[in-house]
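**Q**
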Amino acid sequence: MKEELQTPIISAPLPAASVTGKLPVVKGRRRSRWLILLGLFGPGLIAASAGNDASGIATYSSMGAQYGFQMLWVMVLLTLGMGIVQEMCTRMGAVTGKGLSDLIRENFPIRLTALVMLTFLLANGGIVISEFVGIVAALNLFHIPSWIGAPCAGIILWWLVARGSYQRVEKVFLALTLVFFAYFIAAFMAQPDWGNVAFGSFVPTIQFNSGFLLTLVAAVGTTISPYMQIYVQSAVVERGVTMRDYNPQRVDVYSSAVFSNIVAAFIIICTSATLFLHSGGKGVVLKDAADAAQALAPFLGPYATYIFALGLLGASFLAAGVLPISTCYSITEALGLENGVSRSWKEAPAFWGLFTTLIVLGVVISMLPNLPVVQILLNLSMLNGIVLPVILFAILYLVNKKSLMGHYTNGPVFNAMAYGLAVIVSLLAIAYLAIQVLGLFGIHLLGS
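In UniProt numbering, the protein residues as written are 1 to 448.
Structure representation (structure tokens):
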């Protein structure tokens, strides 16, 4: 066992360590396996809850508001899928001691590496935009206009990261995201029919229309986000986890998947029992953050909007601060370019240029007038779902490569589940794209 045990990361879109390149180290004597388990388990649950960012809140709220309890079964399946994918990544990190970007660069031809990294960049770029849209939406609830809020947020975030001081404020943003635990209380106070909740959780109900398919793809994209796979493997490498002490990490992966999706399910239950029920079962299309905040009204009353805004602001700032810089690290590392916040513009032009571009893109798009906030966040989650198959098949290739993983490759049953997930996600993405393309030619296979 190692003499030094690094503390687990506590923020889930990406740790502040991604900004500095280092994690804090706690010195001490040899830890027992139970202490290691506690060190890995607790923060994993906090990280999972913080992962419900702007696009996640919008997607889960829309699932409940539009379709009631009918899509709860999706979250049950996604819990298993999320655990499977992240377990493969953590295992690769423990066996190889390398991040996913490094393995992709070392094991794929240059063109295929570029394709995978481009896919990753598109997915992350969409998430960065969604976080700035979330920031502006939250500030609008405090009556701060986007033309003031968006540029100020961009400047503050750029300055914090460039100065390496984001760690100091990250915990504040993380604390604000705990507001979303109010969904648990609000769901019970709304007194849903728990029989219908159970039915919706375990009996699949499918609507054959494009809106349902978009929401389904968005749910996949926001729950099993491509960037999370790169993050979780990097976290394992940073902590120096090996297969000798891997079991606690496996427990953390699956428990975090369960917990994060319980939070998501309660968001769906809460919006179902309030917004969907009040629509007479016809479903409500959420347009902005204020609509989503009304699901908390049974618990928070007239303060629901402002407390929801604080949580949304914290979750969005948390992701918007670390995700762009972490994206830049992954892309430049995969392409063998100079990187690091300690380097100047002259030393690492691609790194700082990409980082600044992502921030500016998020600021500019979030400032556009009359944005349909929830629809944009749904579409960006859907983008993640469309590009996810590329990342999944790259992971499956690497984790089954014996020269890389030795006897730690997937077993037959695990492989069947993993490939089944990749195929299903691929078919959903292809189906949605096909429907959209055919729609351009006036061919509508499904209703709206």
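Every residue gets a Cβ at the ideal spot worked out from N, C-alpha and C, and that includes glycine.
Which term fits N370, buried or exposed, when burial requires 16 or more other beta carbons within 10 angstroms of its beta carbon?
**A** On the sequence shown, residue 370 is found 370 positions in, with the first residue counted as 1. By the 10 Å Cβ count, N370 comes out exposed.
**Q** Under the rule that 16 or more other beta-carbon atoms within 10 Å means buried, what is V253, buried or exposed?
**A** As a position in the sequence shown, residue 253 is number 253, starting the count at 1. So V253 counts as buried.
**Q** I'd like the list of long-range same chain contacts for L300, defined as Cβ closer than 6 angstroms, with 5 residues on each side in sequence excluded.
**A** The sequence position of residue 300 within the sequence shown is 300, counting from 1. Excluding positions up to five away in sequence, the list reads I307.
**Q** Does DSSP classify N339 as helix, strand or coil?
**A** As a first step, residue 339 must be located in the sequence shown, where it is residue number 339. Coil.
**Q** Do the CB positions of L445 and I430 come within less than 8 angstroms of each other?
**A** Locating residue 445 in the sequence shown gives position 445, where the first residue counts as 1. Locating residue 430 in the sequence shown gives position 430, where the first residue counts as 1. Not in contact: L445 and I430 (Cβ atoms no closer than 8 angstroms).
**Q** For the segment 340-410, list the beta strand (DSSP E) runs that are entirely contained and at least 3 residues long, ordered along the chain.
**A** With a minimum length of 3 residues, no continuous beta strand (DSSP E) run stays inside the segment 340-410.
**Q** Which value, in whole angstroms, describes the spacing of the CA atoms of I359 and N339?
**A** Taking the first residue of the sequence shown as position 1, residue 359 is located at position 359. Taking the first residue of the sequence shown as position 1, residue 339 is located at position 339. Using only the alpha carbons, I get a separation of about 17 angstroms.
**Q** Measuring alpha carbon to alpha carbon, tell me which of N400, G385, I395 ends up nearest A218.
**A** For this step, residue 218 is matched to residue 218 along the sequence shown. Looking at the Cα atoms, G385 is the closest of the given residues.
**Q** Looking only at C-alpha atoms, which of L361, L440, L335 sits nearest to R111?
**A** Looking up residue 111 in the sequence shown gives position 111. When only C-alpha atoms are compared, the closest one is L335.
**Q** Determine the burial state of R30: buried for a count of at least 16 other Cβ atoms within 10 Å of its Cβ, exposed for fewer.
**A** Taking the sequence shown and counting its residues from 1, the one referred to as residue 30 is at position 30. Bear in mind that the predicted position of R30 carries a pLDDT of just 43, short of 50, making it unreliable; the figure below should be weighed with that in mind. It is exposed - the Cβ of R30 has fewer than 16 other Cβ atoms within 10 Å.
**Q** What residue does the alpha helix (DSSP H) around D252 start on, and which one ends it?
**A** Reading the sequence shown from its first residue, position 252 is the one you call residue 252. Counting along the chain, the alpha helix (DSSP H) containing D252 begins and ends at 247-271.
**Q** Check for me: the alpha helix (DSSP H) holding I156 runs from which residue to which?
**A** Reading the sequence shown from its first residue, position 156 is the one you call residue 156. First-last of the alpha helix (DSSP H) with I156: 146-162.
**Q** With distances taken Cα to Cα, identify the nearest neighbour of I129 among M367, L296, V95.
**A** The residue given as residue 129 occupies position 129 in the sequence shown. Of the listed residues, the one whose Cα sits closest to I129 is M367.
**Q** Suppose you measure from the CA of V374 to the CA of I84; what does that come to, to the nearest Å?
**A** Stepping through the sequence shown from its first residue, residue 374 is reached at position 374. Stepping through the sequence shown from its first residue, residue 84 is reached at position 84. In a straight line, the C-alpha of V374 is about 29 angstroms away from that of I84.
**Q** So, are the CB atoms of G64 and C270 less than 8 angstroms apart?
**A** Locating residue 64 in the sequence shown gives position 64, where the first residue counts as 1. Locating residue 270 in the sequence shown gives position 270, where the first residue counts as 1. For G64 and C270, yes; Cβs fall inside 8 angstroms.
**Q** For M189, which residues from the same chain have a beta carbon less than 7 angstroms from its beta carbon, with the 5 sequence-adjacent residues on both sides left out?
**A** Looking up residue 189 in the sequence shown gives position 189. Cβ neighbours of M189 beyond the five flanking positions: P298, F299.
**Q** Buried or exposed: which applies to L72, given that a residue is buried once 16 or more other Cβ atoms fall within 10 Å of its Cβ?
**A** Counting from 1 along the sequence shown, the entry for residue 72 is found at position 72. When all chains shown are included, L72 counts as buried.
**Q** Report the residue ranges of all alpha helix (DSSP H) runs contained in full by the segment 47-113; include only those spanning at least 4 residues, in chain order.
**A** Fully enclosed alpha helix (DSSP H) runs of 4 or longer: 54-67, 72-96, 100-107.
**Q** Out of curiosity, what's the CA-to-CA distance linking E333 and F142?
**A** Counting from one through the sequence shown, the residue named residue 333 turns up at place 333. Counting from one through the sequence shown, the residue named residue 142 turns up at place 142. Each residue's Cα considered, the two are about 40 angstroms apart.
**Q** Put H444 into one of helix, strand or coil per three-state DSSP.
**A** Counting from 1 along the sequence shown, the entry for residue 444 is found at position 444. Three-state result, H444: coil.
**Q** Over what stretch of residues does the alpha helix (DSSP H) that includes F199 continue unbroken?
**A** Against the sequence shown, residue 199 aligns to sequence position 199. 194-202 is the span of the alpha helix (DSSP H), which, as asked, contains F199.
**Q** What residue range is occupied by the uninterrupted alpha helix (DSSP H) comprising V284?
**A** Against the sequence shown, residue 284 aligns to sequence position 284. That residue, V284, is in no alpha helix (DSSP H); it is neither H nor E in DSSP.
**Q** Quick one: give me the first and last residue of the alpha helix (DSSP H) that T222 is part of.
**A** As a working note, residue 222 is residue 222 in the sequence shown. 210-223 is the span of the alpha helix (DSSP H), which, as asked, contains T222.
**Q** Can the beta-carbon of L122 be found less than 8 angstroms from the beta-carbon of V387?
**A** The residue you call residue 122 lines up with position 122 of the sequence shown. The residue you call residue 387 lines up with position 387 of the sequence shown. Contact flag set, yes.
**Q** Where does residue 450 fall in DSSP's three states?
**A** Coverage of the chain is limited to positions 1 through 448, which leaves residue 450 absent and any answer about it impossible.
**Q** Kindly indicate the opening and closing residues of the alpha helix (DSSP H) around T332.
**A** Counting from 1 along the sequence shown, the entry for residue 332 is found at position 332. From DSSP, the alpha helix (DSSP H) with T332 extends over 304-334.
**Q** Within this structure, are the beta carbons of L378 and V425 separated by less than 8 angstroms?
**A** Taking the sequence shown and counting its residues from 1, one reaches residue 378 at position 378. Taking the sequence shown and counting its residues from 1, one reaches residue 425 at position 425. It is not a contact, given that the beta carbons lie outside the stated cut-off.
**Q** Measuring straight from C-alpha to C-alpha, what distance separates Y329 and G200?
**A** If you number the sequence shown from 1, residue 329 lands on position 329. If you number the sequence shown from 1, residue 200 lands on position 200. Distance between the alpha carbons of Y329 and G200: 41 angstroms.
**Q** Between Y231, C89, Y227, which has its C-alpha nearest R250's C-alpha?
**A** Taking the sequence shown and counting its residues from 1, the one referred to as residue 250 is at position 250. For the residues Y231, C89, Y227, the minimum Cα distance to R250 belongs to C89.
**Q** So for Q191, helix, strand or coil by DSSP?
**A** The residue you call residue 191 lines up with position 191 of the sequence shown. Three-state DSSP puts Q191 in coil, outside helix and strand.
**Q** Return helix, strand or coil for F184, following the three-state DSSP convention.
**A** As a first step, residue 184 is located in the sequence shown; it is residue number 184 there, counting from the start. Looking at F184 - three-state DSSP - the assignment turns out to be helix.
**Q** Taking Cβ to Cβ, would you say S55 is nearer than 8 angstroms to L380?
**A** Here residue 55 is taken as the residue at index 55 of the sequence shown, counted from 1. Here residue 380 is taken as the residue at index 380 of the sequence shown, counted from 1. Yes; because the gap between Cβ atoms is below 8 angstroms, this pair is in contact.
**Q** May I have the straight-line CA-CA distance separating L313 from G406, to the nearest angstrom?
**A** Here residue 313 refers to the residue found at position 313 when the sequence shown is read from its first residue. Here residue 406 refers to the residue found at position 406 when the sequence shown is read from its first residue. Approximately 45 angstroms between the Cα atoms of the pair.
**Q** So the alpha helix (DSSP H) A297 belongs to, where does it begin and stop?
**A** Position 297 of the sequence shown, counting from 1, holds the residue named residue 297. Element bounds for A297: 297-300.
**Q** Would you call the segment 261-280 and the segment 178-192 touching, i.e. three or more CB-CB distances under 8 angstroms?
**A** Counting Cβ pairs under 8 angstroms, three or more are found: they touch.
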